[in-house]
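Down below is the structure, laid out as structure tokens.
Numbering (mature numbering (1 follows the signal peptide of the UniProt record, and there is no 0)), first residue to last: -28 to -1, 1 to 617.
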């Protein structure tokens, strides 16, 4: 059973400003969106508002399939005229990116991390433009981070050398805190005892056996003196905001987060406070809550943390956490973990998500968080001025690529700003429609359906399901969800496309497959899809579900799985399937190769058509534009071959 959510679909339609499928007769024909368009969609990776609220800055990434590079560009704009931007810094390369964008305390320059000299270091550029320079020279070694490297595992970040990992200016500009990669060394002449607490298969693959620590340093900006505080395990940099740290309002203390290991599954954060004058570090008891080091109270006595459905104020000097706001039912803190107080301390703000979208929420002290703006679609990455009055955010929805908007925190108004994806106004797209489906178990699954013109009314089209756990939301073809499965291009080729989330009410793999089947059944029952031509695809968690579906269900006739797989297709796993019901394409980088190869050999052993494509030097979410385009074209060709477009 399918339920189409008309209100959400209408909001999407109202936000759509480009040519869509089903436009009125006589409208000028527009070309269909293509693979190159998808790969070269510009993403806004960071936004920052100046302390005085007059200006904003953003890092926009611009992939090029032809050059196989990505250009990171720092754009500066006036919040009074946010559509007008100027570029003040760029970095172009296959793996190098601009990250950690920060305004100087006086608001006259921007600092950032970039490998301008070959490894990530801090660079500073005047806000009006000019030649970037280094505010400090760090003599430590450059360490290879990212990709599969254990040193600082970043599954979604290109492997590249770094001397500095993160930095934060104190509010008065007197100090600069920064962290550095400090990999441990362990002699291997006598062998290494395997430790299940800190090692896994990747440890053996990389030959990197020790926990890697971050060196925490303070720079005195007046004298240039660099003081090493200590070394800490700060966890995987793949976790948004890690390593996280922030200065107290008076600049006397630094809050930062540590962890027990670099494992992405280790979710226990420990909050620590550094006294900048003495160098003393103390641990803050958060009572099991997840700390947000950037969320100091205006009086500097506490930081915010979240636990279950509540935001808590945790005293940094000791004492029990105090509830300050509650999340509404069905809402959770966003993965970015952003929360902050108003300047007066009478309201709390947070980036939170329901099952459809991320947005800015706020509440009076001891209240229930509610959306702070009426804006449709997703608001993310918000950054506000020192007074917490005005900020810059990224806005997008399922039908509209990311662009910048200005948000007024007091009245919730949103003004459109710079659109780095103006090209989308000139291509033909199929409008995604929000939908939900009821499983035989009674659980509910959500997602989106893209139905091309010509499907239905007696004409049944091939259909494909794209899945990756729970993140089919109001974002435009997000690579974290769709990976190398371009929904809009499939729709342009005549496929009914279903972006399907698993039910959050069940962890049973059978319900995951049932959610995919329910979405397909609704399109077959509605006369849109041909039940004999249905495929499924997904990466990571979606690869598990796709392979479970092709092994356990007769609904799906072909599958594609990226960067992962299911034990059902691994010989000797104890869960091995008796059969495989259709051809299987697998795509993976080197880190997932051993798992993928075992599955590939099992599928071929069942006399089922199978292909395994390996992309060298790739990350979990591919970072090379040419690889992304090649993988997308392979998927399009695979389903054309077995389902027929």
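The beta-carbon is built from N, C-alpha and C at its ideal position, and this holds for glycine as well.
Count the other CB atoms within 10 Å of the CB of residue 200; is the residue buried (16 or more) or exposed (fewer)? Here the question's residue 200 lines up with position 228 in the chain shown. Classification of residue 200: exposed, given that the 10 Å Cβ count is below 16.
Who are residue 254's beta bridge partners in DSSP? Locating residue 254 in the chain shown gives position 282, where the first residue counts as 1. According to DSSP, residue 254 bridges with 245.
The ligand MN heavy atoms versus the CB of residue 160: any closer than 7 Å? Ligands in the displayed structure: none, and consequently the ligand MN is not present.
Could you give the DSSP three-state label for residue 493: helix, strand or coil? Translated into positions along the chain shown, residue 493 becomes position 521. DSSP places residue 493 in helix when its eight states are reduced to three.
Within 10 angstroms of its Cβ, does residue 572 collect 16 or more other Cβ (buried), or is it exposed? Taking the chain shown and counting its residues from 1, one reaches residue 572 at position 600. With 16 or more Cβ atoms within 10 Å of its Cβ, residue 572 is classed as buried.
Among residues of its own chain, excluding the 5 on either side of residue 273, which ones have a beta-carbon nearer than 8 Å to its beta-carbon? Residue mapping note: residue 273 aligns to position 301 of the chain shown, counting from 1. Only 287, 288 and 289 meet the Cβ criterion.
Could you tell me which of 240, 62 and 67 sits nearest to residue 102, measuring between CA atoms? Locating residue 102 in the chain shown gives position 130, counting from the first residue. When only C-alpha atoms are compared, the closest one is 62.
Could you say which of 284, 408, 454 and 190 lies nearest to residue 663 if we only look at CA atoms? The first residue shown for the chain is -28 and the last is 617, placing residue 663 beyond what the model contains.
My parser needs the beta strand (DSSP E) runs of 3 or more residues fully inside the stretch 398 to 482; what are they? 405 to 410, 416 to 422, 433 to 439 and 468 to 472
Residues in its own chain within less than 7 Å of residue 598 by CB, not counting five upstream and five downstream? The sequence position of residue 598 within the chain shown is 626, counting from 1. Excluding positions up to five away in sequence, the list reads 37 and 40.
Excluding five sequence neighbours on each side, which residues of the same chain lie with their C-beta closer than 7 Å to the C-beta of residue -18? Mapped onto the chain shown, residue -18 falls at position 11. Caution applies to residue -18, whose pLDDT of 35 falls short of 50 and renders its modelled position unreliable; the value that the coordinates give is listed next. If we look at residue -18 and ignore the five residues flanking it on each side, its Cβ neighbours are 348.
Within a Cβ cutoff of 6 Å, which residues of the same chain sit near residue 223, ignoring the five residues on either side of it in sequence? Looking up residue 223 in the chain shown gives position 251. Contacts found: 142, 143 and 144.
DSSP puts residue 46 in a beta bridge; with which residues? Counting from 1 along the chain shown, the entry for residue 46 is found at position 74. Partner(s): 31 and 61.
Only counting the same chain, and skipping five residues up and downstream in sequence, which positions put a Cβ closer than 6 Å to that of residue 595? Locating residue 595 in the chain shown gives position 623, counting from the first residue. Same-chain partners within the cutoff: 130.
Within 10 angstroms of its Cβ, does residue 479 collect 16 or more other Cβ (buried), or is it exposed? Your numbering for residue 479 matches position 507 in the chain shown. Classification of residue 479: exposed, given that the 10 Å Cβ count is below 16.
Can you tell me which residues form a DSSP beta bridge with residue 331? Mapped onto the chain shown, residue 331 falls at position 359. According to DSSP, which records beta bridges pairwise, residue 331 is partnered with 324.
For residue 198, I'd like the list of residues in its chain whose CB is within less than 6 Å of its CB, leaving aside the five on either flank, ordered along the chain. Here residue 198 refers to the residue found at position 226 when the chain shown is read from its first residue. Same-chain partners within the cutoff: 189 and 191.
If you run the structure through DSSP and keep just helix, strand and coil, what is residue 573? Taking the first residue of the chain shown as position 1, residue 573 is located at position 601. Helix.
How would you label residue 167, buried or exposed, when you count the other beta carbons within 10 angstroms and need 16 or more for buried? Counting from one through the chain shown, the residue named residue 167 turns up at place 195. The residue is exposed, with fewer than 16 neighbouring Cβ atoms inside 10 Å.
Please determine, among 489, 501 and 459, the residue with the shortest C-alpha to C-alpha distance to residue 5. Position 33 of the chain shown, counted from the first residue, corresponds to residue 5. Nearest option by C-alpha distance: 459.
Give me the DSSP bridge partner(s) of residue 150. As a position in the chain shown, residue 150 is number 178, starting the count at 1. For residue 150, which the question treats as bridged, DSSP gives the partners 139 and 189.
Nearest-angstrom beta carbon gap, residue 544 and residue 591 [assumed within contact, 8 Å]: Translated into the one-based positions of the chain shown, residue 591 becomes position 619. Translated into the one-based positions of the chain shown, residue 544 becomes position 572. About 29 Å separates the two Cβ atoms, so there is no contact after all.
Alpha-carbon spacing of residue 608 relative to residue 16, whole angstroms: Walking along the chain shown from the start, residue 608 turns up at place 636. Walking along the chain shown from the start, residue 16 turns up at place 44. Those two C-alpha atoms are separated by around 27 Å.
Can you say whether residue 1 is buried or exposed, counting buried as having 16 or more other CB atoms within 10 angstroms of its CB? Residue mapping note: residue 1 aligns to position 29 of the chain shown, counting from 1. Exposed, since its Cβ has fewer than 16 Cβ neighbours within 10 Å.
How close, in whole Å, do the beta carbons of residue 161 and residue 134 come, if the pair is a contact with beta carbons under 8 Å? In the chain shown, counting from the first residue as 1, residue 161 sits at position 189. In the chain shown, counting from the first residue as 1, residue 134 sits at position 162. About 29 Å; that fails the 8 Å criterion.
Under the three-state DSSP convention, the category residue 534 falls into: One-based indexing of the chain shown puts residue 534 at position 562. Reduced to three states, the DSSP call for residue 534 is strand.
Taking residue 524 as part of the alpha helix (DSSP H), name the residues at either end of that continuous run. Indexing the chain shown from 1 puts residue 524 at position 552. That run of the alpha helix (DSSP H) goes 513 to 524.
Which residue's Cα is closest to the Cα of residue 250: 257, 221 and 202? Taking the first residue of the chain shown as position 1, residue 250 is located at position 278. Comparing Cα-Cα distances from residue 250 to each of 257, 221 and 202, the minimum goes to 202.
Only counting runs of 3 or more residues, tell me where the beta strand (DSSP E) segments fall wholly within the stretch 344 to 372, in order along the chain. 350 to 356 and 362 to 369
Limits of the unbroken beta strand (DSSP E) element including residue 21: As a working note, residue 21 is residue 49 in the chain shown. Its beta strand (DSSP E) spans residues 15 to 21.
Using C-beta distances below 8 Å, list every residue in its chain close to residue 79, excluding the 5 sequence neighbours before and after it, in chain order. By 1-based counting over the chain shown, the position of residue 79 is 107. Contacts found: 22, 23, 24, 26, 27 and 99.
Reduced DSSP secondary structure (H/G/I, E/B, other) of residue 114: Indexing the chain shown from 1 puts residue 114 at position 142. Residue 114: coil per DSSP, three-state reduction.
Pair every Cβ in the stretch 392 to 405 with every Cβ in the stretch 418 to 436, then say whether three or more of these pairs are closer than 8 Å. yes
Quick one: what's got a C-beta closer than 7 Å to residue 97's C-beta in the same chain, skipping five residues either side? Reading the chain shown from its first residue, position 125 is the one you call residue 97. Here the set comprises 60, 61, 81, 82 and 104.
Identify, in the order they occur along the chain, each residue of the same chain with its Cβ nearer than 6 Å to the Cβ of residue 259, setting aside the five sequence neighbours on each side. Within the chain shown, numbered from 1, the residue matching residue 259 stands at position 287. Excluding sequence neighbours, residue 259 sits near 293.
Tell me, which residues are paired with residue 264 by DSSP? In the chain shown, the residue the question calls residue 264 occupies position 292. For residue 264, which the question treats as bridged, DSSP gives the partners 276.
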